[in-house]
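> Under full-length UniProt numbering, think of the first position of the sequence shown as 1, with each following residue one higher. Below you'll find the structure I mean.
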Amino acid sequence: MYPTQQLRRLARIRNGADHSGVQDDLGDFPVYGSGGEFTRATRSLYSGPAVLLGRKGTIDRPILVDGEFWTVDTIFCAQPHPEVDAAFLYYACTTIPFSLLSTSTALPSMTQGDLNAVRLPAPTYEVQQAIASFLDRETAKIDVLIAKQEQLITTLREDRAATITQAVTKGLDPNAEMKNTGIGWLGSVPAHWKLIPLRYLYAKRKDQDHPDEQLLSIYRDYGVVPKDSRTDNFNKASADLSYYQLVEHGDLVVNRMKAWQGSVGISRYRGIISPDYYVYKPLHDQFDGFLNYLFRCQRYAAGYGRLSTGVRPSQWSITPGDHLGMEALLPPIEEQIAIAEFLDARCVKIDALIDKSTEMIETLCEYRSALITDAVTGKIDVRGEPNHAATP
1 MYPTQQLRRL
11 ARIRNGADHS
21 GVQDDLGDFP
31 VYGSGGEFTR
41 ATRSLYSGPA
51 VLLGRKGTID
61 RPILVDGEFW
71 TVDTIFCAQP
81 HPEVDAAFLY
91 YACTTIPFSL
101 LSTSTALPSM
111 TQGDLNAVRL
121 PAPTYEVQQA
131 IASFLDRETA
141 KIDVLIAKQE
151 QLITTLREDR
161 AATITQAVTK
171 GLDPNAEMKN
181 TGIGWLGSVP
191 AHWKLIPLRY
201 LYAKRKDQDH
211 PDEQLLSIYR
221 DYGVVPKDSR
231 TDNFNKASAD
241 LSYYQLVEHG
251 DLVVNRMKAW
261 QGSVGISRYR
271 GIISPDYYVY
281 KPLHDQFDGF
291 LNYLFRCQRY
301 AAGYGRLSTG
311 VRPSQWSITP
321 GDHLGMEALL
331 PPIEEQIAIA
341 EFLDARCVKI
351 DALIDKSTEM
361 IETLCEYRSA
371 LITDAVTGKI
381 DVRGEPNHAA
391 TP
């Protein structure tokens with residue numbers, strides 16, 4: 001194990017600054033936030049090499065940079081001292097227990113004093129270089145494997161979405177006679193299917209003051225689910241749930257600002273949901289399993305997008321009138337059931353493959369993290385590795 005030093009002994013930590021006065025998309029210098037480069041600037045604030053550490057928000061993802069750059073005011077810039085290798089410092093910083101340093105506020109944040117006091121391994125410069133060289137090579141191999149699994153997940157999700165859209169808008173019979181709907185975002189559909197305005201299938205529900213019901217949420221990938229069933233939902237519920245809307249089994253729920261992204265679904269649960277969403281009660285005897293796939297498919301998402309308005313995409317919203325004016329594509333009930341059963345079976349297989357790749361990514365990330373920790377602390381000896389740069 002290597003001796004340790006406080007971070008203040010290894011690098012000079014400096015604050016970022018407001019970039020609004022230097023921002024220019026055609027500027028010569030990158031502007032870094034906690035998520036990486038996001039715009040350009042007409043002049044630089046610092047020059048590298050350096051390790052950037054988030055001060056607010058995303059605080060647990062150090063970034064290694066070089067050259068001239070600008071950092072925003074929610075970023076710390078750690079410039080290594082001459083006897084410290086920048087790449088080694090970056091890897092060492094990834095082992096910082098950020099969760100223990102974060103202040104207990106809604107938005108994670110970290111102070112310069114806390115960072116300066118962190119103790120990190122401090123081997124000789126030559127050993128630092130050997131460690132950085134070893135980790136550059138080995139983490140690159142792991143990153144390739146992770147990227148392949150991520151690409152596989154992307155492909156599987158695209159296949160899932162395309163399969164759903166094909167089935168709910170074209171049916172399962174490739175030889176079915178087609179007709180033109182005259183609706184640009186919908187296109188041609190089986191000739192014997194009906195088009196019925198949503199206002200004949202659903203009516204707006206506004207039932208509040210049920211604070212003891214379970215809290216529901218809408219996901220683009222999963223539809224309407226209990227909020228506590230997912231660990232990746234960071235939206236905080238209001239302290240007063242009496243204003244939340246009641247959702248009954250079979251209700252259609254729409255996130256008015258994200259319908260065009262697929263945040264729509266028919267609920268299989270009774271519960272309450274944000275008052276900002278639309279909740280519609282059913283007036284029909286159609287098959288919910290089919291309708292849930294239909295309303296969440298790519299073509300309907302495109303339809304919601306055509307009808308949504310706003311200054312920018314993040315503010316697009318669809319009105320109840322426009323939404324209920326859309327037409328639902330309805331095959332005969334027996335076809336609805338067959339299509340839903342087909343998609344249930346197909347999606348189960350695809351989702352299992354996605355889960356397998358996700359688990360593989362988690363395993364690789366855990367191995368990557370452990371490898372970095374073992375190398376920078378000296379648990380594994382990499383001193384025989386060639387240096388990745390000349391000594392200062």
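All C-beta atoms, glycine included, are put in the ideal place defined by N, C-alpha and C.
For V31, which of helix, strand or coil comes out of DSSP?
Reduced to three states, the DSSP call for V31 is strand.
> Do I372 and L64 have their C-beta atoms closer together than 7 Å?
In this structure, L64 does not lie closer than 7 Å to I372 by Cβ.
> Determine the closest residue to V247 out of S238, P282, Y222, with distance taken between C-alpha atoms.
For V247, the nearest C-alpha among the options comes from P282.
> Decide if E334 is buried, meaning its Cβ has at least 16 other Cβ atoms within 10 Å, or exposed.
E334 is exposed by the Cβ-count criterion.
> Rounded to the nearest angstrom, how far is the Cβ of V22 from that of R43, given a contact under 8 Å?
5 Å between Cβ atoms; contact.
> Which residue wins for smallest C-alpha separation from P197, given the options I183, D114, A147?
For the residues I183, D114, A147, the minimum Cα distance to P197 belongs to I183.
> Quick one: Cα of residue 393 to Cα of A147, how far?
Since the first residue shown for the chain is 1 and the last is 392, residue 393 is missing from the structure and cannot be characterised.
> Spatial neighbours of I337 within its chain, please: CB distance less than 6 Å, with the 5 preceding and 5 following residues excluded, ordered by chain position.
These residues qualify, in order along the chain: F287.
> For N116, which residues from the same chain have a beta carbon less than 8 Å from its beta carbon, with the 5 sequence-adjacent residues on both sides left out?
Around N116: Q6, L7, R8, I13.
> Any contact of the stretch 254 to 266 with the stretch 296 to 307, i.e. 3+ C-beta pairs under 8 Å?
Touching, yes.
> Taking its Cβ as the centre, do 16 or more other Cβ atoms sit within 10 Å of P313, making it buried, or is it exposed?
So P313 counts as exposed.
> Could you spell out where the alpha helix (DSSP H) holding S99 opens and where it closes?
Counting along the chain, the alpha helix (DSSP H) containing S99 begins and ends at 98 to 101.
> Excluding the five sequence neighbours on either side, which residues of its own chain have a C-beta within less than 6 Å of the C-beta of P80, listed in chain order?
Same-chain partners within the cutoff: A11, A86, L89.
> Take R119 and list the residues in its own chain whose beta-carbon comes closer than 8 Å to its own, dropping the five residues that flank it on each side.
Closer than 8 Å at the Cβ level, and outside the excluded window around R119, lie T4, Q5, Q6, L7.
> Here's the rule I'm using: 16 or more other beta-carbon atoms within 10 Å means buried, otherwise exposed. How should A389 be labelled?
In this prediction, A389 scores a pLDDT of 44, lower than 50, which makes its location untrustworthy; the coordinate-derived value is nonetheless stated afterwards. Classification for A389: exposed.
> Return the CA-CA distance between P49 and H210, expressed in angstroms with no decimal places.
When rounded, the distance between both Cα atoms is 56 Å.
> In terms of residues, what are the limits of the alpha helix (DSSP H) holding Y293?
Run containing Y293: 288 to 295, per the alpha helix (DSSP H) assignment.
> Quick one: give me the first and last residue of the alpha helix (DSSP H) that residue 393 is part of.
Nothing about residue 393 can be read from this structure; the chain reaches only from 1 to 392.
> So the candidates are R205, K206, A203, N180; which of them puts its Cα closest to the Cα of L195?
It is N180.
> For Y278 versus V311, is the C-beta distance shorter than 7 Å?
Going by C-beta atoms, Y278 is not nearer than 7 Å to V311.
> Taking 6 Å as the limit between beta carbons, can you name the residues of its chain near residue 393, skipping five residues before and five after?
No answer is possible for residue 393: the residues shown for the chain start at 1 and end at 392.
> Check for me: the beta strand (DSSP E) holding G271 runs from which residue to which?
271 to 273 is the span of the beta strand (DSSP E), which, as asked, contains G271.
> With contact counted as at least three CB pairs below 8 Å, one residue from each stretch, are the stretch 142 to 157 and the stretch 348 to 358 in contact?
Because the criterion of three Cβ pairs below 8 Å is met, the stretch 142 to 157 and the stretch 348 to 358 touch.
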